[in-house]
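Remarks on the structure that follows.
Residue numbers (this note's numbering): 4 to 287.
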């Protein structure tokens with residue numbers, strides 16, 4: 004019988020609230036059910052082809068990324084160094100903010116230092132902080148190697164050339180145009196295990212000449228040398244290989260073959276102590 008104002012009740016759909024509430028199974032119960040009925044469990048197994056592909060991906064990543072990084076670090080630590088030039092003491096060979104690449108460690112040990120090389124070295128005696136060729140916090144300087152151990156390096160002053168073992172050096176290929184080889188006289192015999200260095204911009208370089216009165220006569224210990232400059236690498240517009248100017252020194256005899264004497268050096272032989280006062284007034 005139909006009720007007034009009502010419709011027929013759908014007897015085909017059960018009342019959802021008529022059944023008691025079923026509490027969800029706990030994790031332990033679920034695991035127990037899978038153990039009792041393993042056919043219901045699903046085991047994740049990667050196909051062999053995918054596993055090989057994953058191994059290849061990891062290996063390729065190592066080859067493409069990690070190995071190049073290790074190679075760069077090896078080159079940086081053992082073979083090549085990089086330094087920035089913050090001052091004008093090596094103009095016009097090197098400009099302010101140039102970055103130079105140098106030989107380093109292994110390559111430096113294999114190379115023989117020569118007169119005319121541009122070298123980077125640790126400051127031997129707090130020469131001048133503004134002359135640094137460094138990364139932040141380093142104490143490196145950059146100059147040109149003029150005298151080897153045992154060499155007699157001298158200059159009679161303004162208008163006169165620098166001499167090494169009595170041979171006048173034509174430095175026009177690297178000394179800054181319009182700048183004197185030295186505006187004051189000096190004469191130094193380079194001690195064993197040391198080097199005599201000068202900047203290419205002699206008017207603005209606190210180099211060996213400025214320290215002739217120290218214990219090592221302004222020279223640099225060989226063990227302080229960090230590298231020989233090879234090229235400028237930045238900015239790109241100034242990228243070039245550095246010619247280390249060995250030619251001007253080609254006729255310089257080794258010290259045991261030199262016939263130069265103190266008399267051949269002229270007034271410079273008496274200038275060692277006198278040059279001290281004038282030295283401190285130039286380029287400081």
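Quick reminder that beta carbons are idealized off the backbone N, C-alpha and C, glycines included. Here the structure is a predicted model, which means the values were calculated and not measured.
Residue i - DSSP class collapsed to helix/strand/coil
i, result
"residue 99", "coil"
"residue 86", "strand"
"residue 224", "strand"
"residue 193", "coil"
"residue 219", "coil"
"residue 239", "helix"
"residue 118", "coil"
"residue 67", "helix"
"residue 161", "coil"
"residue 106", "strand"
"residue 262", "Model confidence at residue 262 stands at a pLDDT of 37, short of 50, so the residue's coordinates are unreliable; what they give is reported in the following sentence. In this structure, residue 262 counts as coil in the three-state DSSP scheme."
"residue 171", "strand"
"residue 230", "strand"
"residue 252", "helix"
"residue 279", "In this predicted model, residue 279 has a pLDDT of only 28, less than 50, meaning its place in the structure is not dependable; the value taken from the coordinates is given anyway. Looking at residue 279 - three-state DSSP - the assignment turns out to be helix."
Candidates the options, of which the one nearest residue i by Cα
i, options, result
"residue 211", "144, 117, 104 and 95", "144"
"residue 254", "180, 214 and 118", "118"
"residue 161", "151, 186 and 173", "186"
"residue 146", "84, 182, 169 and 124", "124"
"residue 96", "245, 237 and 238", "245"
"residue 238", "88, 50 and 191", "88"
"residue 121", "258, 150, 130 and 128", "150"
"residue 300", "176, 231, 225 and 199", "No statement about residue 300 is possible, as the shown extent of the chain runs from 4 to 287 and does not include it."
"residue 257", "156, 208 and 184", "156"
"residue 215", "200, 207, 229 and 148", "200"
"residue 318", "165, 207 and 231", "The structure shown does not extend to residue 318, since the chain spans only 4 to 287, so no value can be given for it."
"residue 84", "230, 243, 240 and 241", "230"
"residue 240", "148, 63 and 100", "100"
"residue 217", "191, 184, 107 and 65", "191"
"residue 181", "94, 219 and 242", "94"
"residue 243", "62, 52, 72 and 98", "98"
"residue 228", "142, 209, 183 and 189", "142"
Cβ distance (whole Å) where residue i is taken to contact residue j below 8 Å
i, j, result
"residue 223", "residue 205", "Residue 223 to residue 205, Cβ: 17 Å. No contact."
"residue 105", "residue 233", "6 Å"
"residue 163", "residue 251", "That pair is no contact at about 16 Å."
"residue 152", "residue 195", "5 Å"
"residue 129", "residue 193", "21 Å between Cβ atoms; not a contact."
"residue 170", "residue 198", "Residue 170 to residue 198, Cβ: 18 Å. No contact."
"residue 221", "residue 213", "7 Å"
"residue 54", "residue 236", "That belief does not hold up - the Cβ atoms of residue 54 and residue 236 are roughly 45 Å apart, past 8 Å."
"residue 165", "residue 158", "5 Å"
"residue 116", "residue 148", "6 Å"
Span of the alpha helix (DSSP H), counted from its first residue to its last, around residue i
i, result
"residue 60", "51-64"
Limits of the beta strand (DSSP E) - the one that residue i falls within
i, result
"residue 125", "121-125"
"residue 145", "143-150"
"residue 166", "165-167"
"residue 155", "155-158"
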